[in-house]
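Only one structure is covered here, and it is reproduced in the block below.
Number of protein chains: 2
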Amino acid sequence: MNPPSDFQPACPAPLQGGRVTLAHGGGGRLMHNLVREVFAAAFNSSADHDGAVTQVPAGRIATTTDGYVVRPMFFPGGDIGSLAVHGTLNDLAMCGARPLCLSAAFIIEEGTEIEVLRRIARSMAAAAQSGGAAITTGDTKVVERDSGDGVYITTAGVGLCEHNLEIHPRSIREGDVLLLSGDIGRHGMAVMGARENLSFESSLQSDSQCLWPAVRSLLEAGIDVHCLRDLTRGGLATALAEFARTAGVEIELEEEAVPVLPAVRAACEFLGLDPLYVANEGRFVAVVPPRQAQAALIALRRTPEAEGAVVAGTVRAQRPGQVSLRTRMGTLRNLPMLSGEQLPRIC
Amino acid sequence: MNPPSDFQPACPAPLQGGRVTLAHGGGGRLMHNLVREVFAAAFNSSADHDGAVTQVPAGRIATTTDGYVVRPMFFPGGDIGSLAVHGTLNDLAMCGARPLCLSAAFIIEEGTEIEVLRRIARSMAAAAQSGGAAITTGDTKVVERDSGDGVYITTAGVGLCEHNLEIHPRSIREGDVLLLSGDIGRHGMAVMGARENLSFESSLQSDSQCLWPAVRSLLEAGIDVHCLRDLTRGGLATALAEFARTAGVEIELEEEAVPVLPAVRAACEFLGLDPLYVANEGRFVAVVPPRQAQAALIALRRTPEAEGAVVAGTVRAQRPGQVSLRTRMGTLRNLPMLSGEQLPRIC
Numbered sequence: 636m637n638p639p640s641d642f643q644p645a646c647p648a649p650l651q652g653g654r655v656t657l658a659h660g661g662g663g664r665l666m667h668n669l670v671r672e673v674f675a676a677a678f679n680s681s682a683d684h685d686g687a688v689t690q691v692p693a694g695r696i697a698t699t700t701d702g703y704v705v706r707p708m709f710f711p712g713g714d715i716g717s718l719a720v721h722g723t724l725n726d727l728a729m730c731g732a733r734p735l736c737l738s739a740a741f742i743i744e745e746g747t748e749i750e751v752l753r754r755i756a757r758s759m760a761a762a763a764q765s766g767g768a769a770i771t772t773g774d775t776k777v778v779e780r781d782s783g784d785g786v787y788i789t790t791a792g793v794g795l796c797e798h799n800l801e802i803h804p805r806s807i808r809e810g811d812v813l814l815l816s817g818d819i820g821r822h823g824m825a826v827m828g829a830r831e832n833l834s835f836e837s838s839l840q841s842d843s844q845c846l847w848p849a850v851r852s853l854l855e856a857g858i859d860v861h862c863l864r865d866l867t868r869g870g871l872a873t874a875l876a877e878f879a880r881t882a883g884v885e886i887e888l889e890e891e892a893v894p895v896l897p898a899v900r901a902a903c904e905f906l907g908l909d910p911l912y913v914a915n916e917g918r919f920v921a922v923v924p925p926r927q928a929q930a931a932l933i934a935l936r937r938t939p940e941a942e943g944a945v946v947a948g949t950v951r952a953q954r955p956g957q958v959s960l961r962t963r964m965g966t967l968r969n970l971p972m973l974s975g976e977q978l979p980r981i982c
Numbered sequence: 636m637n638p639p640s641d642f643q644p645a646c647p648a649p650l651q652g653g654r655v656t657l658a659h660g661g662g663g664r665l666m667h668n669l670v671r672e673v674f675a676a677a678f679n680s681s682a683d684h685d686g687a688v689t690q691v692p693a694g695r696i697a698t699t700t701d702g703y704v705v706r707p708m709f710f711p712g713g714d715i716g717s718l719a720v721h722g723t724l725n726d727l728a729m730c731g732a733r734p735l736c737l738s739a740a741f742i743i744e745e746g747t748e749i750e751v752l753r754r755i756a757r758s759m760a761a762a763a764q765s766g767g768a769a770i771t772t773g774d775t776k777v778v779e780r781d782s783g784d785g786v787y788i789t790t791a792g793v794g795l796c797e798h799n800l801e802i803h804p805r806s807i808r809e810g811d812v813l814l815l816s817g818d819i820g821r822h823g824m825a826v827m828g829a830r831e832n833l834s835f836e837s838s839l840q841s842d843s844q845c846l847w848p849a850v851r852s853l854l855e856a857g858i859d860v861h862c863l864r865d866l867t868r869g870g871l872a873t874a875l876a877e878f879a880r881t882a883g884v885e886i887e888l889e890e891e892a893v894p895v896l897p898a899v900r901a902a903c904e905f906l907g908l909d910p911l912y913v914a915n916e917g918r919f920v921a922v923v924p925p926r927q928a929q930a931a932l933i934a935l936r937r938t939p940e941a942e943g944a945v946v947a948g949t950v951r952a953q954r955p956g957q958v959s960l961r962t963r964m965g966t967l968r969n970l971p972m973l974s975g976e977q978l979p980r981i982c
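In order, the protein sequence lines correspond to chains A and B. In case it helps, our numbering puts the first sequence at residues 636 to 982. In case it helps, our numbering puts the second sequence at residues 636 to 982.
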């Protein structure tokens, strides 16, 4: 993020409302005012050098990035700002890493209201705080009308791995137990409801939240976590299909064990969607050794983020690369990875 | 970056050409194929978890991010991919940090040719290698036609500060000497030439390059570097205006000392631009103590990236917050920060 610029006697007036112009992306005074008054102010960042410098202990750091293009930008339970921060905090948490610092880069369409940017920046700051992380560096670019769509945000993050585990799909073993942190499908259905103005809109809130407290609880309980994955695009089924492929195992999922809110189930039926493939932004699966499954479940349920955690399945060796759904009728059904597009621009 | 997906017996055919569809952003098989065959292949990344884990020693790390929206995406001397990598490597270098790892997030407009993505990915991989860094994690999103414009890239990076200096505008002192690493204005004029199909197009190449080797040379020579800044949007004048404001000093720049290629000068005159405000992507200024200025100049000139380095000015106390240009006629002229927009979407 570049420095504010208040040294000019003929400094332009502060940004009281108004809209973003191409000049706000030009690298000059208007851009510096925008950065200072909207972003640096919300993030409590000095923003006067090209990067941020942070002290770390010797050990392993996790790094991750995600772009966010969700439409609408504001939806029940969150907005593109909180989502962008939660998403990157969660990717760090899925490495078992304590979030340390985040960056935020904005691609803004000309004509976007500056008040919209302010709302997004405040929301990002609050979300970062929920994960104990600071937004320490950033960037803004402006593109012409019809070369963008409001605001796109790319966050990146650095976290500290304060354990010796190798939390990765390749650590998954036959016999491991699959825990699911709560009910699924709320983010996808809340965004679809807001987008299409559907009648279920009011009752459904996105599950978008920071998952680090739930992961920290697992680590503090001494659980030998084998793998973690938050359930985003493609939903639970696609996450498990990725596990099965990378680890060369079969994953058996108990249909009856997977919590789905009645409102989500109804919305999915209305839209012809399977909740197992619908996007979440505050749910994850943990793969743990069988002897620690109960202790892990207790550790998860102690946190508000995962108080609805359940044992949802097991890891088997029979059909490597496959996810099998044990249905309510006791039959086994193959769950493939999501094919094609289900819900565009859900995150 | 998400895992490849080759476990499906009925896996879609490889991406031989073709164009990006919304389904390539859906989180399912098409997206996994795109990530595997285009990005993970070029970056030599396994890409099968939500983040990348890297070992670091105890000490300071630098983090930075930048979004890239340059048009055209391919221009003489580079493209949006090499630019996105050089830009983030350079922001790390300006913290005096050795580049360690990079992330890359893509926002792709529906309809973009997959071959264009391949070219960009190859270019990014080569640029990362020039800085000794790996691209270890990433993300792809797809937006509808008219909600984007080809490809936008946001890179973020982590680097290691292997020194005890505080390289920051607040370390600038009265009497310090300002070094400039080479001729200015080439990136801006090369992109403008390519965009407008102007006659000077063929003779001008962007200066886009990784500056870490030049910075490393300064550090290895034991120079007590006070501040570094690469010259991007807003050009040399705006970078110096930022220094003057943050450090509360006057910076006197010698007009005669600033190298400008004749072709750049001619192009600037044609377009009515001042080269001091034109964007660069491979040039930087270093502020060093006067007793080390000659040693620093020698250290810079030893590297191909800064073989044209010059002493360009000094830091004074007279007019805090101001940049003064000592003209060829010996007069002093105030150089304000760039006001408004000069060259939209130059980076």
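By construction, the Cβ of each residue, glycine as well, lies at the ideal position given by its N, Cα and C atoms.
If we define contact as Cβ-Cβ less than 8 Å, is residue i a contact residue for chain A?
i        : result
Ile858/B : no
Gly653/B : no
Met972/B : yes
Pro979/B : yes
Arg664/B : yes
Thr699/B : yes
Asp774/B : yes
Thr966/B : no
Gly975/B : yes
Gly869/B : yes
Ala726/B : One detail in the question is off: residue 726/B reads as Asp in this sequence, not Ala. For Asp726/B, the answer is yes, since a Cβ of chain A falls inside 8 Å of its Cβ.
Gly661/B : yes
Could you pull the start and end residues of the alpha helix (DSSP H) that residue i belongs to?
i        : result
Asn725/B : 715-728
Val899/B : 897-906
Ile933/B : 928-936
How would you list, in chain order, the residues of chain A whose beta-carbon sits under 8 Å from the beta-carbon of residue i?
i        : result
Met729/B : His684, Asp685, Gly686
Ser838/B : Simply none; closest approach about 25 Å.
Does any C-beta atom of chain B lie closer than 8 Å to the C-beta of residue i?
i        : result
Ala829/A : no
Val778/A : yes
Phe709/A : no
Ser843/A : no
Gly702/A : yes
His803/A : yes
Leu657/A : yes
Pro638/A : Low confidence applies to Pro638/A: its pLDDT is 36, below 50, so where it sits in the model is not reliable enough to give any reading.
Gly948/A : no
Val670/A : no
Cys903/A : no
Ser738/A : yes
Ala763/A : no
Would you decide whether residue i is buried or exposed? Buried here means 16 or more other CB atoms lie within 10 Å of its CB.
i        : result
Gln927/A : buried
Phe905/B : exposed
Thr962/B : exposed
Leu970/B : buried
Ile988/B : In the structure as shown, chain B begins at 636 and stops at 982. Residue 988/B is therefore absent and cannot be evaluated.
Met964/A : exposed
Gln690/B : exposed
Glu797/B : exposed
Pro897/A : exposed
Asn799/A : exposed
Glu887/B : buried
Just curious, the beta strand (DSSP E) that residue i is in, first and last residue?
i        : result
Val793/A : 786-796
Gly948/A : 945-951
Ala768/A : Element bounds for Ala768/A: n/a, residue is neither H nor E.
Gly694/B : 694-703
Asn832/A : Looking at the DSSP string, Asn832/A is not in any beta strand (DSSP E), and its letter there is neither H nor E.
Leu814/A : 812-815
Asn799/A : No beta strand (DSSP E) contains Asn799/A, which DSSP labels as neither H nor E.
Identify the contact partners of residue i in chain C, using a Cβ-Cβ distance below 9 Å as the criterion.
i        : result
Asp784/A : This model lacks chain C altogether; the protein chains it does include are A and B.
If the cut is a Cβ gap below 9 Å, which residues of chain B does residue i touch?
i        : result
His721/A : Result: empty, since nearest Cβ-Cβ is about 13 Å, beyond 9 Å.
Gln690/A : Ala693, Gly694, Arg695, Ile696
Arg864/A : His684, Asp685
Who are the neighbours of residue i on chain B, taking C-beta pairs under 8 Å?
i        : result
Val793/A : Ile696, Thr698, Val793
### Query
Would you call the segment 772-788 of chain A and the segment 729-740 of chain A touching, i.e. three or more CB-CB distances under 8 Å?
With the cut-off at 8 Å, the segment 772-788 of chain A and the segment 729-740 of chain A touch.
### Message
With a threshold of 8 Å, are at least 3 pairs of Cβ atoms found where one atom belongs to the segment 851-865 of chain B and the other to the segment 780-793 of chain B?
### Response
As far as the Cβ criterion goes, the segment 851-865 of chain B does not touch the segment 780-793 of chain B, which means the pair count is below three.
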